[in-house]
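The working numbering runs 76 ahead of the 1-based position in the sequence shown. Note that the Cβ used here is the ideal one computed from N, Cα and C, for glycine as well. Take a look at the structure below.
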Amino acid sequence: VSPEIKALIDRACMVTRANGGLLRRKAGAGVIAVRRAGAIHAFDALNHFFLISEMIIPGSSYWNIGIGREKGEVENDAEGIETMKVLGRNMAWLLKRTRQDEHPAAAGG
77 VSPEIKALID RACMVTRANG GLLRRKAGAG VIAVRRAGAI HAFDALNHFF
127 LISEMIIPGS SYWNIGIGRE KGEVENDAEG IETMKVLGRN MAWLLKRTRQ
177 DEHPAAAGG
């Protein structure tokens with residue numbers, strides 16, 4: 077991840093914890109677009125932030141990574157596109173299932 081994204085993650089984590097776990101039980105999914113290298117490290121950094129914030133992370137058929145060098149080139153990454161479609165379906169399912177319990181922390185849980 078870039079230094080700017082790392083700073084954002086660190087600051088968001090502190091704000092979340094200082095305010096009673098604002099992201100607790102919220103859904104989150106990291107999506108990474110890369111030219112070639114560093115995708116897994118960036119994906120891990122986002123997932124670590126989600127997990128330490130007690131968030132719920134839906135999975136997919138592979139890591140949520142799209143590969144392309146030039147603008148729009150990621151559209152040629154068929155496996156990446158399919159991974160994002162599966163992620164989208166799983167996120168929609170998760171959001172429907174968790175919608176009933178919008179304020180779990182307020183209910184003591």
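Asked                                                                                                                                          : Found
State the start and end residues of the unbroken beta strand (DSSP E) segment that holds Gly104.                                               : Looking at the DSSP string, Gly104 is not in any beta strand (DSSP E), and its letter there is neither H nor E.
Answer yes or no: do Asn192 and Gly106 have a C-beta to C-beta separation smaller than 9 angstroms?                                            : One cannot answer for residue 192 here, as it falls past the ends of the chain, which runs 77 to 185.
Count the other CB atoms within 10 Å of the CB of Gly135; is the residue buried (16 or more) or exposed (fewer)?                               : exposed
Verify whether the separation of the beta carbon atoms of Ile132 and Lys102 is less than 9 angstroms.                                          : yes
Let's test the definition: count the other Cβ atoms within 10 Å of the Cβ of Ala94 and tell me whether it reaches 16, buried, or not, exposed. : exposed
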